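Colleague:
2 protein chains.
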Amino acid sequence: MANIRDVADSAGVSVATVSRTLQQPERVSPKTRNKVMAAVQAVGYKPNLMAVKFRSGKTHNLVVLVPTVANVFFARVISGMQEAAAELGYSILLANTLGNSEIENHYAKMVSTSQADGLIQLRANNPLDASMINDHGLLPMVNACEVIDDGQYPVVSLDNRAAAKAMTEHLISLGHSRIAMIKGPNSSPLTQERLMGYKDALAQANIVFDESLLFPGDFTLQAGYNAGESISRLENRPSAVFCENDETAIGAMQAFKQANLHVPKDISVAGFDDIAFSAFVDPPLTTIAQPAEEFGRTAVTLLVDVLNGKIRKAPKVIMPFELIVRESTGKAFG
Amino acid sequence: MANIRDVADSAGVSVATVSRTLQQPERVSPKTRNKVMAAVQAVGYKPNLMAVKFRSGKTHNLVVLVPTVANVFFARVISGMQEAAAELGYSILLANTLGNSEIENHYAKMVSTSQADGLIQLRANNPLDASMINDHGLLPMVNACEVIDDGQYPVVSLDNRAAAKAMTEHLISLGHSRIAMIKGPNSSPLTQERLMGYKDALAQANIVFDESLLFPGDFTLQAGYNAGESISRLENRPSAVFCENDETAIGAMQAFKQANLHVPKDISVAGFDDIAFSAFVDPPLTTIAQPAEEFGRTAVTLLVDVLNGKIRKAPKVIMPFELIVRESTGKAFG
DNA sequence: GGCAATGATGTAACCGTTTTCATTTAAACA
DNA sequence: TGTTTAAATGAAAACGGTTACATCATTGCC
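Chains as they are written, first to last, in the numbering used here: chain Y, 1 to 334; chain G, 335 to 668.
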């Protein structure tokens, strides 16, 4: 691999001149500029960006901790990140952490070992360990989507409570009063917030909260299916089910069909996220749309601001949501 | 950020000794080893891996060009890559290229500019330009999933022709003779191969190939929906549809339902890929399972072999497929 | 023509490691 | 104790760029 010295030799100039020709051409006379450019071509010179990054101390890499790239919602978030990063001259290093703290910690180390400049965490978990937070203050990090809002780091999130309330209100307005909820993992603040929104709407409509209508889940199709089976076997079956994400809702709908329950005639189903599949299942799913790509763009922009020292106090960005009413929710029977 | 010199000063030894303590502890006396380790703790030393990579000339980064991370099949492939890479001490740099040659080329440059050691392309397109293939031979690259099989680079693929033939035979065995096909982009060799497999099975059963039963698509839900609409409006409607991927099949099924066609009673639908959703749609989709994670693992392993000079001639790995019969395909009417 | 100011180019230090080679220290042996 | 051998350590170069500073050449002006 030809290096800058080869170019300098070939052009009969110093390495400094080569560097200047490439970085600030105006500082070099046209004559030498041409000589150098010709030499660059001649020897097939490609600057070693590893050396540049090492010298500059800036890698222009951002590590993104994503619980699972197989989740369609995160896939959209990542797309948005990639776009924003490209515009700002950064590269995204994607880490598929499977929600495992050790793996998260492993990739977070890329920042403390100077392999990346900053970190974006998409899960409500602090991936840093004591060794990364010592003397010199905080490590550049942004927390998005599923967040811990302790004011330490910039945060990009949805008002999950308001969104869940809006969806529950929608179901109540259709005449439902026994509304089941298929939750996400209890460890996720998302789940807590959405549960609170659900309770808010219930309370507002004077419906007493019934703990037995809460079903466990983990955001997967299978978990939704399992919960759906349980629900369909209930003697006093609820007339609606609010699922904490679309995968869960699609899994549950499948279970209902196999139990010969018609959606929405026998039971209404609502999801959360508005993934692409949701418009193409039968019936199309009522859900909450989140601006997934915007989440990604915003997180990257914020992180780069942090890196450039443009941010003093950790900001908190709340993204808008939208209730998308399709055909999986309908009037309550009776 | 403390560097190795700070540690050396703090421990009262030379930088060489510090480096040895960390890399080959057995080459250092226990006494100094302890001194150094204590100093490492004291100053909070984290080796600058950017410097290490620069020095060694090896980045241990692999760039992966993926047409779209939003495709569930690719998401599985990526998971497999990440696993294998972690085991082998490599990091994956994911590039969401949207099938755009320029973006591909941009990320491919990371290899020629020493920011990554090798490249995995998941699309049947050569992302390299002339400047990358000059004198010193080929750039380390592996082509997986959608491949160009020109013998230049290692390849990991499925016998798409055989798989498509197997699926078509399945449909024929159910009594279908008018079998539509919703294709992928014509530019994709995948599409050509699957079309050939489809024709093979037809010919073997003495069914004349009917060009008018071919419908265009691009592997998206929407394209499947559009094709499904066209098919349902046909006067002499086919009794089965073979879709080149599951997204397309799910989109098509949705169109059939809206046209009041029952799957599989009125029309059978088959997919390709066996994504997670396919088992949870109504009816569950008959499809071809591909070992997606294995694709990823194999591609990474192969690339690392190339980087280690363990490979002479570009190997060609064919992964196995499996016909998964669910409920979306049934006996032909009449 | 002589001097100052400006522009063009070169020299060399620097970034943080690893590693070769030289040197010092310790151990082994007679 | 003196000599040989092995083990432990240190000094310094190297990786490939960028850049502060020094130097040299050119131009403008009196």
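Glycine is no exception: its CB is placed at the ideal position from the N, C-alpha and C atoms. Just so we're clear, the structure is a prediction, and the values are computed from it rather than from any experiment.
Within the 7 Å Cβ cut-off, does G:Gly585 reach chain Y?
Modeller: Output row for G:Gly585: interface = yes.
Colleague: Compute the Euclidean distance between the alpha carbons of Y:Leu221 and G:Val377, then round it to the nearest angstrom.
Modeller: Computed Cα separation, rounded: 49 Å.
Colleague: How would you write the range of the alpha helix (DSSP H) that G:Gly630 sits in, first residue to last?
Modeller: Looking at the DSSP string, the run of the alpha helix (DSSP H) that includes G:Gly630 is Ala626 to Leu641.
Colleague: Indicate whether Y:Ile318 and Y:Asp159 have their beta-carbon atoms separated by less than 7 Å.
Modeller: A contact, by the Cβ cut-off of 7 Å.
Colleague: Return the residues of the segment 149 to 166 of chain Y that lie within a Cβ-Cβ distance of less than 7 Å from chain G, sorted by chain order.
Modeller: Those residues of the segment 149 to 166 of chain Y that come within reach of chain G (Cβ to Cβ, closer than 7 Å) do not exist; the list is empty.
Colleague: Is the CB-CB distance between G:Thr393 and G:Asp451 below 7 Å?
Modeller: The answer is yes: Cβ separation under 7 Å.
Colleague: Output the distance between the C-alpha atoms of Y:Met181 and Y:Ser101, rounded to the nearest integer angstrom.
Modeller: For Y:Met181 and Y:Ser101, the distance between alpha carbons rounds to 28 Å.
Colleague: Does the beta-carbon distance from Y:Phe272 to Y:Gly228 come in below 7 Å?
Modeller: Result no, Cβ atoms of Y:Phe272 and Y:Gly228 do not sit closer than 7 Å.
Colleague: Could you give the distance in angstroms between the alpha-carbon of Y:Ile275 and the alpha-carbon of Y:Ala289?
Modeller: Each residue's alpha carbon lies about 8 Å from the other.
Colleague: Tell me which residues of the segment 348 to 371 of chain G have at least one Cβ-Cβ distance to chain Y shorter than 9 Å, keeping chain order.
Modeller: Within the segment 348 to 371 of chain G, no residue qualifies.
Colleague: With distances taken Cα to Cα, identify the nearest neighbour of G:Thr447 among Y:Ala162, Y:Met50 and Y:Leu88.
Modeller: Per the Cα distances, Y:Met50.
Colleague: For G:Leu399 versus G:Ala429, is the C-beta spacing smaller than 7 Å?
Modeller: Contact flag set, yes.
Colleague: Out of G:Ile426, G:Ala478 and G:Lys365, state which residue places its alpha-carbon closest to the alpha-carbon of G:Gln455.
Modeller: The shortest Cα separation from G:Gln455 among G:Ile426, G:Ala478 and G:Lys365 belongs to G:Ala478.
Colleague: Taking Y:Asp274 as the query, report the chain G residues whose CB atoms sit under 7 Å from its CB, ordered along the chain.
Modeller: Residues of chain G passing the Cβ test: none, with the nearest at roughly 13 Å.
Colleague: Going along chain G, which residues have a C-beta under 8 Å from Y:Ala51?
Modeller: Per Cβ cutoff of 8 Å: Phe388 and Ser448.
Colleague: To the nearest angstrom, how far is it from the Cα of G:Ser413 to the Cα of Y:Asp282?
Modeller: Rounded to the nearest angstrom, the two C-alpha atoms are 29 Å apart.
Colleague: If the cut is a Cβ gap below 7 Å, which residues of chain G does Y:Phe219 touch?
Modeller: By Cβ distance, chain G contributes nothing, its closest Cβ being about 12 Å from Y:Phe219, past 7 Å.
Colleague: My assumption, with CB atoms under 8 Å, is that Y:Val241 sits in contact with Y:Val269. Please give the rounded CB distance.
Modeller: The pair is a contact, with the Cβ atoms about 5 Å apart (cut-off 8 Å).
Colleague: Could you pull out every unbroken beta strand (DSSP E) segment of at least 3 residues lying fully inside the segment 526 to 587 of chain G, listed in chain order?
Modeller: Fully enclosed beta strand (DSSP E) runs of 3 or longer: 574 to 577.
Colleague: Just list the alpha helix (DSSP H) runs in the segment 366 to 432 of chain G, keeping only unbroken ones of 4 residues or longer that don't cross its boundaries, in chain order.
Modeller: Runs of the alpha helix (DSSP H) inside the segment 366 to 432 of chain G: 383 to 390 and 406 to 422.
Colleague: Which chain G residues are close to Y:Asn96, counting only those with a beta carbon under 8 Å from its beta carbon?
Modeller: What Y:Asn96 touches in chain G: Ile412, Ser413 and Gln416.
Colleague: Does DSSP classify Y:Asn105 as helix, strand or coil?
Modeller: Three-state result, Y:Asn105: helix.
Colleague: Listing by chain order, which chain G residues have their CB less than 9 Å from the CB of Y:Gln254?
Modeller: Neighbours of Y:Gln254 on chain G, chain order: Ala613, Phe614, Val615, Asp616 and Pro618.
Colleague: Give every residue of the same chain whose Cβ lies closer than 8 Å to the Cβ of Y:Arg33, excluding the five residues on either side of it in the sequence, and list them in chain order.
Modeller: Only Thr21 and Pro25 meet the Cβ criterion.
Colleague: Which same chain residues, not among the five before or five after Y:Glu247, have their C-beta less than 7 Å away from its C-beta?
Modeller: Phe219, Thr220, Leu221 and Gly224.
Colleague: Consider the Cβ of Y:Ala70: report whether some Cβ of chain G lies at a distance smaller than 7 Å.
Modeller: Yes, Y:Ala70 counts as interfacial toward chain G.
Colleague: Quick check: what's the CA-CA separation for Y:Met167 versus Y:Pro238?
Modeller: Approximately 16 Å between the Cα atoms of the pair.
Colleague: Under 6 Å: does the beta carbon of G:Ile652 sit that close to some heavy atom of the ligand MG?
Modeller: No copy of the ligand MG appears in this structure; indeed no ligand is present at all.
Colleague: Roughly how many angstroms separate the alpha carbons of G:Thr431 and G:Thr402, rounded to a whole number?
Modeller: C-alpha separation (whole angstroms): 6 Å.
Colleague: What does DSSP give as the partner residues of Y:Val155 in its beta bridges?
Modeller: Partner(s): Y:Asn143 and Y:Lys316.
Colleague: Answer yes or no: do Y:Val147 and Y:Leu303 have a C-beta to C-beta separation smaller than 7 Å?
Modeller: Not a contact, by the Cβ cut-off of 7 Å.
Colleague: So, with DSSP's three-state summary, where would you put Y:Val269?
Modeller: In the structure shown, Y:Val269 sits in a strand (DSSP, three-state: E or B).
Colleague: Between Y:Lys183 and Y:Glu244, what straight-line distance do the alpha-carbon atoms span, to the nearest angstrom?
Modeller: Cα to Cα, Y:Lys183 sits roughly 6 Å from Y:Glu244.
Colleague: Of the choices G:Ser564, G:Lys599, G:Asp340 and G:Asn570, whose alpha-carbon is the least far from that of G:Ala586?
Modeller: Considering only alpha carbons, the answer is G:Ser564.
Colleague: Find the residues of chain G that neighbour Y:Leu93, judging by a C-beta separation of less than 7 Å, and give them in chain order.
Modeller: Neighbours of Y:Leu93 on chain G, chain order: Ser425 and Leu427.
Colleague: Quick one: which chain G residues come within Cβ less than 7 Å of Y:Pro47?
Modeller: Correct list: Thr447.
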